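Below is one structure, written out as structure tokens, with a few remarks after it.
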Amino acid sequence: MESIPFNPILEYNPDTLFFIRKQYDLDKLERIEEAITILKDWLQKQDHIVKKNYSSNYLERVIILSKGSVERAKAKLDKIATFRTLLPQYFEPIDNLKKTLLNDLITGIPSKLTPDHYRVVITDHKIKQADSGLMDFYRYLIMVAEYIQCNDYLNGVEVILDYRNSNLLEIIKALNLVEIQQIFSIIMEGYGMRIKGIHFITTSKAIDTVVYLFKSALNKKVAERIHVHNNVDTLHKHIPKDILPSDYGGQAKLLLELSHDLKAELNSENYLKHYKEMQKACTNENYRRDDKFNEQCVGIPGSFRQLSVD
10 MESIPFNPIL EYNPDTLFFI RKQYDLDKLE RIEEAITILK DWLQKQDHIV KKNYSSNYLE
70 RVIILSKGSV ERAKAKLDKI ATFRTLLPQY FEPIDNLKKT LLNDLITGIP SKLTPDHYRV
130 VITDHKIKQA DSGLMDFYRY LIMVAEYIQC NDYLNGVEVI LDYRNSNLLE IIKALNLVEI
190 QQIFSIIMEG YGMRIKGIHF ITTSKAIDTV VYLFKSALNK KVAERIHVHN NVDTLHKHIP
250 KDILPSDYGG QAKLLLELSH DLKAELNSEN YLKHYKEMQK ACTNENYRRD DKFNEQCVGI
310 PGSFRQLSVD
């Protein structure tokens, strides 16, 4: 691509395309085109990967999120396809306008990138009870991750989880360590999302349990990027104020407005068509040459490995 295509909810810094490509030595157009060609050729030779045709723009973003490495990009395409086969429950498309749980989990993406080209993703938890679990929320997060994969151009994400308006003890009851490990595996190893920081906002002492669960699912390097804030003032030391929603002391839209914008995008005809097409991006394990890949990839059977994606 010669420029980042227009997107109704995502904006970029003036130097985003050049800066990100250059840091991976892909600033010359022929270098990125060569990498995409290698990836396309490799896909055609993988008997076990069902979907073999992707747009050049999609594959470029896979390469970028793989730090410019074609070999890492191959592994990520293989892993995300494997996840769709072995953990299909996370990839079921949902009508986000009809899911009651999502009304209590307000998720938005401020339009601006940080100066170092990271995207901020915020969820305000308003849950008072979560008797039915959090699977619909996890499915929604996967739809968001796929949207970022096919539309955004970034170094990674800053995650903000606001628990000030929730019953944190009820959320803890709904949290399941295996599900936390699986959702992080899909997002970080499958989609290759690099997490620069995970920011909890709460004054509840129960947050220690949540932090423990998250750290149990992440390796030490990523776990050290977890921060707990009593209020948004300390959050501003990590993320520029102007990027944040106005109800977080910033200059962007209210989080609820950002949430409505995101839901509209994920419910659009074009995106739902894309998401349905990506259901085919799975594997036929009967044709895989390395029968140990499944266990190494997602820890099935057996326990999950700690995630070490940087």
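Here the working numbering is used: the sequence shown runs in plain steps of one and ends on residue 319.
Where is the CB? At the ideal position from N, CA and C, for every residue including glycine.
Values in this document were obtained by computation on a predicted structure and should not be read as measured data.
### Message
Which same chain residues end up closer than 8 angstroms to R70 when comparing Cβ atoms and leaving out the 5 residues on each side of it in sequence?
### Response
The residue you call residue 70 lines up with position 61 of the sequence shown. Here the set comprises Q158, C159, D161 and Y162.
### Message
I'd like the span of the alpha helix (DSSP H) that includes R81, first residue to last.
### Response
Stepping through the sequence shown from its first residue, residue 81 is reached at position 72. Counting along the chain, the alpha helix (DSSP H) containing R81 begins and ends at V79 to L95.
### Query
Which same chain residues, not among the five before or five after L68, have their C-beta less than 6 angstroms away from its C-beta?
As a first step, residue 68 must be located in the sequence shown, where it is residue number 59. For L68, where only same-chain residues beyond five positions count, the Cβ hits under 6 angstroms are I45 and L48.
### Task
Can you tell me which of the three DSSP states P310 falls into?
As a first step, residue 310 must be located in the sequence shown, where it is residue number 301. Legend: pLDDT at P310 = 36, less than 50; position of this residue unreliable, no value from coordinates given.
### Task
Look at the alpha carbon of K107 and the alpha carbon of G117, and state the distance between them as a whole number of angstroms.
To locate residue 107, count along the sequence shown from 1; it is residue 98. To locate residue 117, count along the sequence shown from 1; it is residue 108. Cα to Cα, the separation comes out at about 17 angstroms.
### Query
Between which two residues does the beta strand (DSSP E) carrying F27 extend?
Within the sequence shown, residue 27 is the residue found at index 18, counting from 1. Note, F27: premise wrong, no beta strand (DSSP E); alpha helix (DSSP H) at T25 to Q32.
### Task
Quickly, what does DSSP pair R128 with across the bridge? List them, please.
Indexing the sequence shown from 1 puts residue 128 at position 119. Looking at the DSSP output, R128 shares a beta bridge with V166.
#### Entry: Proximity to R298 [Cα-Cα], best of I41, E43 and K54
Counting from 1 along the sequence shown, the entry for residue 298 is found at position 289. For R298, the nearest C-alpha among the options comes from K54.
#### Entry: Of the residues L114, A273 and Q32, the one placed nearest S78, counting alpha carbons only
If you number the sequence shown from 1, residue 78 lands on position 69. When each option's Cα is compared against that of S78, the closest is Q32.
### Task
Helix, strand or coil for D104, going by three-state DSSP, please let me know.
The residue given as residue 104 occupies position 95 in the sequence shown. Reduced to three states, the DSSP call for D104 is coil.
#### Entry: Exposed unless 16 or more other CB atoms sit within 10 angstroms - verdict on E2
Residue 2 cannot be examined here, being either before or after the span of the chain that is shown, 10 to 319.
### Message
For the structure I just gave you, are there three or more beta carbon pairs, one from the stretch 169 to 180 and one from the stretch 205 to 220, closer than 8 angstroms?
### Response
The stretch 169 to 180 vs the stretch 205 to 220: in contact.
### Task
Counting only runs of 3+ residues fully inside the stretch 214 to 246, write out the beta strand (DSSP E) ranges in chain order.
Along the length of the stretch 214 to 246, whole beta strand (DSSP E) runs at least 3 residues long occupy 235 to 238, reported in chain order.
### Message
Considering only DSSP beta bridges, list what H134 is partnered with.
### Response
One-based indexing of the sequence shown puts residue 134 at position 125. H134 is bridged by DSSP to L114.
### Query
Do N239 and T212 have their CB atoms nearer than 8 angstroms?
Mapped onto the sequence shown, residue 239 falls at position 230. Mapped onto the sequence shown, residue 212 falls at position 203. Contact flag set, yes.
### Task
Inspect the beta-carbon positions of L281 and P14 and report whether they are closer than 8 angstroms.
Translated into the one-based positions of the sequence shown, residue 281 becomes position 272. Translated into the one-based positions of the sequence shown, residue 14 becomes position 5. No, the Cβ-Cβ distance between L281 and P14 is not below 8 angstroms.
### Message
Strictly by DSSP, which residues pair up with G206?
### Response
As a working note, residue 206 is residue 197 in the sequence shown. For G206, which the question treats as bridged, DSSP gives the partners E167.
### Task
Could you tell me the distance, in whole angstroms, from the CA atom of L267 to the CA atom of V130?
Stepping through the sequence shown from its first residue, residue 267 is reached at position 258. Stepping through the sequence shown from its first residue, residue 130 is reached at position 121. Those two C-alpha atoms are separated by around 10 angstroms.
### Message
For P23, count the other beta carbons within 10 Å of its own beta carbon; 16 or more makes it buried, fewer makes it exposed. Which is it?
### Response
Stepping through the sequence shown from its first residue, residue 23 is reached at position 14. Classification for P23: exposed.
### Task
Please check the pair M144 and N66, which I expect to be a contact at CB under 8 angstroms, by giving their CB distance rounded to whole angstroms.
Position 135 of the sequence shown, counted from the first residue, corresponds to residue 144. Position 57 of the sequence shown, counted from the first residue, corresponds to residue 66. Contact flag wrong, Cβ pair sits at about 31 angstroms.
#### Entry: Closest by C-alpha distance to L150, when choosing among I58, E42, I195 and D36
Taking the first residue of the sequence shown as 1, we reach residue 150 at position 141. Of all alpha-carbon atoms in I58, E42, I195 and D36, the one lying nearest the alpha-carbon of L150 is that of I195.
### Beta-carbon spacing of G201, L74 below 8 angstroms
Mapped onto the sequence shown, residue 201 falls at position 192. Mapped onto the sequence shown, residue 74 falls at position 65. A contact, by the Cβ cut-off of 8 angstroms.
### Message
For a test of the three-state rule: what should DSSP assign to A183, helix, strand or coil?
### Response
Indexing the sequence shown from 1 puts residue 183 at position 174. Helix, per DSSP.
#### Entry: Rounded straight-line distance, which links the Cα of K121 to that of H269
Here residue 269 refers to the residue found at position 260 when the sequence shown is read from its first residue. Here residue 121 refers to the residue found at position 112 when the sequence shown is read from its first residue. Between the alpha carbons of H269 and K121 lies a gap of roughly 17 angstroms.
### Query
Are the beta-carbon atoms of N174 and K229 separated by less than 8 angstroms?
Reading the sequence shown from its first residue, position 165 is the one you call residue 174. Reading the sequence shown from its first residue, position 220 is the one you call residue 229. Not closer than 8 angstroms, so no.
### Query
Run through DSSP, which three-state label would T123 get?
What you label residue 123 is simply residue 114 of the sequence shown in a count that begins at 1. Coil at T123, not helix or strand.
### Message
According to DSSP, is T46 part of a helix, a strand, or is it coil?
### Response
For this step, residue 46 is matched to residue 37 along the sequence shown. Helix, per DSSP.
#### Entry: Residue burial classification, D50 (beta-carbon count within 10 angstroms, cutoff 16)
Within the sequence shown, the letter at position 41 stands for residue 50. D50 is exposed by the Cβ-count criterion.
### Task
In the DSSP assignment, find the unbroken alpha helix (DSSP H) run with V153 in it and report its ends.
Within the sequence shown, numbered from 1, the residue matching residue 153 stands at position 144. M144 to N160 is the span of the alpha helix (DSSP H), which, as asked, contains V153.
#### Entry: Chain-order list of residues whose beta-carbon lies under 8 angstroms from that of A232 (same chain, five-residue window excluded)
Here residue 232 refers to the residue found at position 223 when the sequence shown is read from its first residue. These residues qualify, in order along the chain: F223 and K224.
### Through-space distance from L35 to E43, alpha-carbon basis
On the sequence shown, position 34 is the one that residue 43 refers to. On the sequence shown, position 26 is the one that residue 35 refers to. If you take the alpha carbons of E43 and L35, they lie about 10 angstroms apart.
### Message
Taking the alpha carbon of N164 as the reference point, which residue from Y221, F193 and L26 has its own alpha carbon closest?
### Response
As a first step, residue 164 must be located in the sequence shown, where it is residue number 155. Across the set Y221, F193 and L26, the C-alpha of L26 shows the shortest separation from the C-alpha of N164.
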